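Residue numbers for the sequence shown follow my numbering, beginning at 806 and rising by one. Idealized CB from N, CA, C, for every residue including glycine. Only a predicted model underlies this, so the values are computations on that prediction, with no experimental measurement involved. Report on the structure given below.
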Amino acid sequence: MSNLQNPNLSGISRRDVLRSGLIGGAGLAFASSSGLSAFAQSSVPKRGGNLRVAFLGATPTETLDPHAGVVQQDFARALGLYEPLVEMQADASIKNALAESMEPNADATEWTIKLRSGVKFHDGKTLSAKDVAFTFQRIVNPKAPLSGAITLAPLDVDNMKVVDDLTLKIPMKVPFAVFPECICSAVYYAIVPEGFDPAKPVGTGPFKFQSFTPGQQSTFVRFDDYHGGGAYIDTLTITSFASDVAAFNALQSAQVDALAAAPLSLVRQVGAGGAIKALISEPGQWTPFTMRVDQPPFDKPDVRKAFRLLVDRKQMIDIALSGYGEVGNDVFSRWDPFYDTSLQRTRDVDQAKFLLKKAGEENLAVELVTSDFANGVPQMAQVFARQARDAGVTVSVRQVTPDVFYGDQYRQWNFAQDFWLHFPYLPQIAECHLPGAIFNETHWGNEQYIKLYNQAVGTTDPALRKEIVHALMKIDFEEGGYIIPSFNKMVDLLANNVEGLTQARTGYAMGHFGWKSVWLS
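Written as structure tokens, this is what we have:
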């Protein structure tokens, strides 16, 4: 996506756009749906320079392994170093990347992948079908399965056939008609060379590795043999900050050029006439409340439904996100082409009370574990606690640091929150809703749901797949372990000389980590 007025983006409510300047007073006013479509940019991109980007949520568990990332800076590095076979774009569409084509047989029990020719890894090696086979075997390794292992479970990796240097045939254990959309990101599905070592990372992306200190800083330099034409900037430096204030001060003092996913509390501190502008995404990130469906009281469907009915979603967006979000209705993958917009939920405290009484859970008291790992998350927790009081529910909010939240207790919290970026609906299920999925925070394992999922990914009939997807979404809506109050807009703060980034709808910061298009004027 290179134009914010692209007709593919029409029909979106409350479209916010890039802002050329910061409007003053005590706060920052952004362009609305009737405002500008983009901030003014120089017409000719310029080569050179070091782009320095600040990220919040520093943690010593940060990684260069594209198949094991957790935080945004992990994803930012992955999209610079590596590439997948097919890749999601900033507008959530999917295009070929390293694959020239991916074709199934008639019943989707075998896929043939043909690679682009002449693609080089950073060490000079030419990309081959053997590297693709190695990558998939690495991800699904039964002794050490990585984040995408459940998604790739249908692949019969033991019987893949390298036809020639650029062609790989992959048999499937079951029909798998949605294979390309399931691997459409360098996050978890990047192609790496045979013998890959995350400590000395080599990929095919527009930047190659120079240095990395987890939780502190990483540096990458432009890969001049990149097959896609190359980046404009010479160097990309990613710095992790534990303190919001320190990151903001670094931006104001020109120690960094951008603050990715800036907290709105900091955004509002920027005055008029300064050297900073804002990039506002479309609503793609989602920050659910997670209820463990295998533990009391959330093992009772009526309790889960009651909690969803307690939420005043518009109020939560206005207070916790300063209005920068779109109402969500407890079903993820907002931009999936099969998304069912008919599923709408409004607050109903009386019905929530009735359901809690029916479940034997009147005057319920629960703990909600939260952390400052994404914009507005702790604030959403506090708003929910206040709203729940109207039904006699006491919610005690406990805030922990991100490294504690994503530590040994992650997936063990009974009632908590999390954050996700946009992914197509069926692949998202594989990441968070299948038994054994590494991010199954709710411990969801509904048998009918899993049966429908298997039917959906197996059918080669798009109309039937859409029908099944809507049935799955209905189960999410009525019975699932998520409360999804909103789809959130990402706000990045940029120095005025940072150019070439466009509005994204995927939830990824910095215009879907547009490292190939960004340049410094």
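- [ ] Taking only runs that begin and end inside the region 1100 to 1181, name each unbroken beta strand (DSSP E) of 3 or more residues, in chain order.
- [x] Runs found: 1130 to 1132 and 1170 to 1176.
Open item on the list: Going by DSSP in three states, I1038 sits in which element: helix, strand or coil?
Closed with: Translated into positions along the sequence shown, residue 1038 becomes position 233. Looking at I1038 - three-state DSSP - the assignment turns out to be coil, as it is neither helix nor strand.
Open item on the list: For A1055, report the span of its alpha helix (DSSP H) as first-last.
Closed with: For the purposes of this step, residue 1055 is taken as the residue at position 250 of the sequence shown. Its alpha helix (DSSP H) spans residues D1049 to Q1057.
Task: Extent of the continuous alpha helix (DSSP H) run through L920 - done: By 1-based counting over the sequence shown, the position of residue 920 is 115. Membership of L920 in any alpha helix (DSSP H) is not indicated; the residue belongs instead to the beta strand (DSSP E) covering E915 to L920.
TODO: Decide if T1247 is buried, meaning its Cβ has at least 16 other Cβ atoms within 10 Å, or exposed.
DONE: In the sequence shown, counting from the first residue as 1, residue 1247 sits at position 442. Buried, because 16 or more other Cβ atoms sit within 10 Å of the Cβ of T1247.
TODO: State yes or no: is the C-beta of G1286 within less than 8 Å of the C-beta of F1103?
DONE: Residue 1286 sits at position 481 when you count from the first residue of the sequence shown. Residue 1103 sits at position 298 when you count from the first residue of the sequence shown. Cβ distance < 8 Å, so G1286 and F1103 count as in contact.
Task: Collapsed DSSP secondary structure at S898 in the structure displayed - done: Along the sequence shown, read from residue 1 onward, the residue named residue 898 stands at position 93. Correct three-state label for S898: coil.
Task: I1273: first and last residue of the uninterrupted alpha helix (DSSP H) it sits in - done: As a first step, residue 1273 is located in the sequence shown; it is residue number 468 there, counting from the start. It spans P1267 to E1284 - the alpha helix (DSSP H) in which I1273 sits, taken as one unbroken run.
Open item on the list: Check whether the region 1310 to 1324 and the region 849 to 861 touch, using three or more Cβ-Cβ pairs below 8 Å as the test.
Closed with: Yes, the region 1310 to 1324 is in contact with the region 849 to 861.
Open item on the list: Using 8 Å as the threshold, is the C-beta distance between I1288 and D1107 below it?
Closed with: If you number the sequence shown from 1, residue 1288 lands on position 483. If you number the sequence shown from 1, residue 1107 lands on position 302. It is not a contact, given that the beta carbons lie outside the stated cut-off.
Task: Outcome for T1018 when other beta-carbon atoms lying within 10 angstroms are tallied against a minimum of 16 - done: Indexing the sequence shown from 1 puts residue 1018 at position 213. By the neighbour-count criterion, in which 16 or more other beta carbons inside 10 Å mark a residue as buried, T1018 falls on the exposed side.
Task: Cβ-based burial, G885 [other Cβ within 10 Å; buried from 16] - done: As a working note, residue 885 is residue 80 in the sequence shown. It counts as buried.
Open item on the list: With the cut-off set at 8 Å, would you say L1173 and F1189 are in Cβ contact?
Closed with: Within the sequence shown, numbered from 1, the residue matching residue 1173 stands at position 368. Within the sequence shown, numbered from 1, the residue matching residue 1189 stands at position 384. A contact, by the Cβ cut-off of 8 Å.
Task: Helix, strand or coil at D912 [DSSP, three-state] - done: As a first step, residue 912 is located in the sequence shown; it is residue number 107 there, counting from the start. Looking at D912 - three-state DSSP - the assignment turns out to be coil, as it is neither helix nor strand.
Open item on the list: Distance check for V1205 and F1046, CA to CA, integer angstroms please.
Closed with: Reading the sequence shown from its first residue, position 241 is the one you call residue 1046. Reading the sequence shown from its first residue, position 400 is the one you call residue 1205. Between F1046 and V1205, the C-alpha separation is close to 17 Å.
TODO: Under 6 Å Cβ to Cβ from S1127, same chain only, skipping five residues before and after it: list those, please.
DONE: In the sequence shown, the residue the question calls residue 1127 occupies position 322. So the qualifying residues of the chain are L1069.
- [ ] List the endpoints of the continuous beta strand (DSSP E) containing V1026.
- [x] Your numbering for residue 1026 matches position 221 in the sequence shown. Counting along the chain, V1026 sits inside the beta strand (DSSP E) bounded by residues Q1022 to R1027.
Task: Environment of T1151 [buried if 16+ CB atoms lie within 10 Å] - done: Position 346 of the sequence shown, counted from the start, is the residue given in the question as residue 1151. Exposed, because fewer than 16 other Cβ atoms sit within 10 Å of the Cβ of T1151.
TODO: Kindly indicate which residue of G1034, R1027, A1036 and L1071 has the alpha-carbon position closest to the one of S1048.
DONE: Here residue 1048 is taken as the residue at index 243 of the sequence shown, counted from 1. Of the candidates G1034, R1027, A1036 and L1071, the one whose C-alpha sits nearest the C-alpha of S1048 is L1071.
Open item on the list: Counting C-beta neighbours from all protein chains within 10 Å, is the total for G1263 16 or more, i.e. buried, or is it exposed?
Closed with: Taking the first residue of the sequence shown as position 1, residue 1263 is located at position 458. Burial call: buried.
TODO: Indicate the three-state DSSP secondary structure (helix, strand or coil) for K925 in the structure shown.
DONE: Residue mapping note: residue 925 aligns to position 120 of the sequence shown, counting from 1. K925: strand per DSSP, three-state reduction.
Task: Counted within 10 angstroms of its Cβ, other Cβ atoms place S922 as buried (16 or more) or exposed - done: Taking the first residue of the sequence shown as 1, we reach residue 922 at position 117. S922 comes out exposed.
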